[in-house]
Amino acid sequence: MSNVFPTRTGTETDVRLPFSFITFAVLSFVASQVLLLTVIPSLASGAFRLPLVWAAAHLGLLGFALMTAMGAMYQLVPVAFLTPIWSVRLGFWQFAVTAIGIVAFAISLAAAPTRAFLPGLLLLLGIVLFVWQMAMTLRKQETKNVMTLFVATSLLFLLLTAAAGGLLAFHFFAATGADSHETAFVLHVLFGLCGWFTLLIIGFSYKMAPMFSLAHGFSLRPARCVYALYTSGIAVSLLHLFLPGQVWLMVGTALLTSGFTVFAWHIRTILQKRMKKALDRPFQFSVTAVAIGLALHAAALAAIMIGSGRWIGIIIYLSAVGWIGFSIIGYLFKIVPFLWWTHRYSEKVGQQHVPTLKQMMNERAVAVQCRLWLAALALAAVALATASVPLLAVAQVLLAGLSVAFAGTMLAVFRK
Amino acid sequence: MDVRELAMQQLKTVIDPELGINVVDLGLIYDLKIENGHIDVLMTLTTPGCPLHDSIAGGVKRALEQIAGIRDVRVQVTWNPPWTPERMSEEALRQLGYFA
Chain B
24 MSNVFPTRTG TETDVRLPFS FITFAVLSFV ASQVLLLTVI PSLASGAFRL PLVWAAAHLG
84 LLGFALMTAM GAMYQLVPVA FLTPIWSVRL GFWQFAVTAI GIVAFAISLA AAPTRAFLPG
144 LLLLLGIVLF VWQMAMTLRK QETKNVMTLF VATSLLFLLL TAAAGGLLAF HFFAATGADS
204 HETAFVLHVL FGLCGWFTLL IIGFSYKMAP MFSLAHGFSL RPARCVYALY TSGIAVSLLH
264 LFLPGQVWLM VGTALLTSGF TVFAWHIRTI LQKRMKKALD RPFQFSVTAV AIGLALHAAA
324 LAAIMIGSGR WIGIIIYLSA VGWIGFSIIG YLFKIVPFLW WTHRYSEKVG QQHVPTLKQM
384 MNERAVAVQC RLWLAALALA AVALATASVP LLAVAQVLLA GLSVAFAGTM LAVFRK
Chain X
6 MDVRELAMQQ LKTVIDPELG INVVDLGLIY DLKIENGHID VLMTLTTPGC PLHDSIAGGV
66 KRALEQIAGI RDVRVQVTWN PPWTPERMSE EALRQLGYFA
């Protein structure tokens with residue numbers, strides 16, 4: 024590891040660690056979007072279960088979303104939980120193992136899915152190391168709070184997602200388990216999207232939303248209700264896999280939607296108590312992602328009630344991009360300038376003029392990108408709904424171009 | 006200008022980079038004790054677990070160390086009493102768009 028970044032002490036993390044994860048994540052994002060360009064006709068017809076789609080989805084969800092979440096947690100957990108990372112050295116090893124695992128796994132999925140199990144084991148090791156690292160860190164937290172509950176539960180679901188994914192990869196590898204394949208797949212998607220990503224984003228939103236809006240005088244009590252409803256929703260949805268009829272899936276999805284509705288309402292009430300009247304564009308984008316998440320939860324409930332299997336696949340895709348992806352993109356627009364500012368200017372505060380975090384990024388370019396991201400998602404939704412290949416091609420080319428622009432915006436921060 | 010005034014002037018150069026507002030106008034400085042070249046600062050931040058904790062507290066120390074005759078600056082960050090928006094100056098509220 025080069026010495027470009029000096030090691031720091033106190034509550035600040037060694038910025039090399041989150042930067043390693045986030046740099047890898049941004050590059051994976053571009054790769055996943057470009058790869059999706061090659062499978063547009065299949066996607067438009069609703070065929071998601073193809074090797075190249077698996078590779079692109081995992082580059083997006085593991086390479087981009089998971090690695091960003093990991094990097095952000097290495098930075099946020101020490102400050103938000105007032106607890107230093109258990110072992111920074113383990114963090115660098117964990118990065119190396121996970122990054123190699125993701126690249127090897129994605130290549131295997133694209134080229135030889137039946138052999139993806141072996142690189143998947145390396146990836147699993149990286150995830151286990153991360154969960155161990157965070158568990159040991161959270162254990163040291165003196166006063167646990169509702170955020171701890173969300174984050175700890177999401178980590179448990181990360182392990183379960185990896186276990187279900189490992190089982191799927193083993194089915195291909197050993198040419199067995201066809202009878203339980205569908206169950207393992209549903210578990211993998213439910214644990215990953217709802218249990219890991221959604222609970223994690225909800226948990227950290229309770230720190231980020233008041234921080235970025237300077238909100239004060241709000242109650243965190245509804246967060247317990249969100250937790251109870253959402254985790255019950257996951258549990259009841261699981262029953263559907265083992266009990267006959269659609270009723271459990273319907274009740275489970277209704278609980279998930281109720282939990283997310285309370286969360287969206289709660290974030291709104293927090294923002295109403297804000298002192299910072301004009302919210303920054305990146306944070307506005309993350310708030311928009313909450314609205315998208317709410318609409319997609321409601322759409323999922325409607326699709327299950329009318330029994331439309333085709334719509335579920337579309338909703339999962341739109342959730343991955345519009346709820347999880349946009350939340351992460353919005354927060355990265357804030358986190359990357361903060362990390363670079365900390366490295367570059369933290370020691371100069373009080374001695375010389377330093378820029379504000381807002382000045383670390385071209386806000387006009389960010390505003391344009393945010394609008395285009397939303398336009399691309401809307402186009403993709405219409406294209407998938409109408410099974411229009413040309414329209415999906417336009418949406419996907421736009422998403423791929425935006426991922427490149429996003430990477431460029433991130434890199435431009437380093438010139439400040 | 007006496008040392009206290011100088012100190013407050015220096016502290017106005019320390020900004021919260023997220024808000025772009027200095028620590029004095031934000032009402033983060035609770036107490037300033039100046040005695041025989043030593044300054045003890047009791048301050049807070051807008052929220053516990055603020056990622057800018059070290060940057061802002063370190064900035065306060067460095068800003069005060071630049072005053073001629075000051076040999077030692079000690080900064081203590083407290084959460085009791087917690088910061089409230091009522092501590093902000095009109096200038097801070099204006100910068101946050103509160104009167105718009």
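As you go down the protein sequences, you meet chains B and X in turn.
The first sequence lines up with residues 24 to 439 when you count with the numbering used here.
The second sequence lines up with residues 6 to 105 when you count with the numbering used here.
Positions of the beta carbon are idealized from the N, C-alpha and C atoms, including for glycine.
Residue j beta carbon less than 8 Å from that of residue i
| i | j | result |
| --- | --- | --- |
| A326/B | A67/B | no |
| T276/B | A343/B | no |
| K66/X | V80/X | yes |
| L315/B | S228/B | A small correction: the amino acid at residue 315/B is Ile; Leu does not occupy that position in the sequence shown. Not a contact, by the Cβ cut-off of 8 Å. |
| A12/X | I44/X | yes |
| T7/B | G226/B | The structure shown does not extend to residue 7/B, since chain B is modelled only from 24 to 439, so the question has no answer here. |
| V417/B | L402/B | yes |
| A103/B | K299/B | no |
| W84/X | L33/X | no |
| P136/B | F208/B | no |
| D59/X | S369/B | yes |
| G218/B | G188/B | no |
| G114/B | L145/B | no |
| V111/B | L178/B | no |
| P233/B | T52/X | yes |
Where the beta strand (DSSP E) containing residue i begins and where it ends
| i | result |
| --- | --- |
| L47/X | 43–48 |
Residue i in three-state terms, based on DSSP
| i | result |
| --- | --- |
| Y103/X | coil |
| A238/B | strand |
| D30/X | coil |
| R76/X | coil |
| L37/X | strand |
| I329/B | helix |
| R297/B | strand |
| D21/X | strand |
| V82/X | strand |
| M159/B | helix |
| L73/B | coil |
| F87/B | helix |
| F437/B | coil |
| V38/B | coil |
| P107/B | coil |
Rounded straight-line distance, which links the Cα of residue j to that of residue i
| i | j | result |
| --- | --- | --- |
| F349/B | V174/B | 19 Å |
| R162/B | S65/B | 46 Å |
| A423/B | F128/B | 21 Å |
| V427/B | L58/B | 13 Å |
| T121/B | F220/B | 17 Å |
| N159/B | R92/X | At residue 159/B the sequence reads Met, which differs from the Asn that was named. So the two alpha carbons sit approximately 38 Å from each other. |
| S5/B | A408/B | Only positions 24 to 439 of chain B appear in the structure, and residue 5/B is not among them; the question remains open. |
| F308/B | A399/B | 14 Å |
| F140/B | Y97/B | 28 Å |
| T254/B | L279/B | 8 Å |
| Q15/X | N41/X | 18 Å |
| T284/B | I293/B | 14 Å |
| G102/X | F180/B | 41 Å |
| F286/B | D7/X | 52 Å |
| R333/B | W364/B | 46 Å |
| Q392/B | M383/B | 16 Å |
| T91/B | R76/X | 44 Å |
| I63/B | V405/B | 14 Å |
Beta-carbon proximity list for residue i, same chain, < 7 Å, skipping 5 on both sides
| i | result |
| --- | --- |
| L272/B | S260, H263, I327 |
| A390/B | R304 |
| R9/X | L37, I39 |
| Q117/B | G149, L152, F153, Q156 |
| V353/B | Here the sequence assigns Gly to residue 353/B, which means Val is not the residue at that position. Around G353/B: P305, F306, F308, S309, A312. |
| L243/B | V169, Y229 |
| E386/B | R304 |
| G240/B | K296 |
Contacting residues, own chain, Cβ-Cβ under 6 Å from residue i (five flanking each side not counted)
| i | result |
| --- | --- |
| S51/B | L82, G86, F87 |
| G64/X | V19 |
| V359/B | M433, V436 |
| S94/X | D30 |
| P267/B | none |
| E96/X | D30 |
Span of the alpha helix (DSSP H), counted from its first residue to its last, around residue i
| i | result |
| --- | --- |
| D59/X | 58–70 |
| R247/B | 245–265 |
| E91/X | From DSSP, E91/X is part of no alpha helix (DSSP H); its letter is neither H nor E. |
| P87/X | No alpha helix (DSSP H) contains P87/X, which DSSP labels as neither H nor E. |
| C457/B | As displayed, chain B neither begins before 24 nor continues past 439, which places residue 457/B out of reach and without an answer. |
Own chain residues within Cβ distance below 8 Å of residue i, not counting five before or after
| i | result |
| --- | --- |
| L213/B | I257, S260, L261 |
| L132/B | P74, W77, A78, H81, A139 |
| L421/B | L395, A398, A399, L402 |
Interface partners of residue i on chain C, CB under 8 Å
| i | result |
| --- | --- |
| H81/B | No chain C appears in the structure shown, which is made up of the protein chains B and X. |
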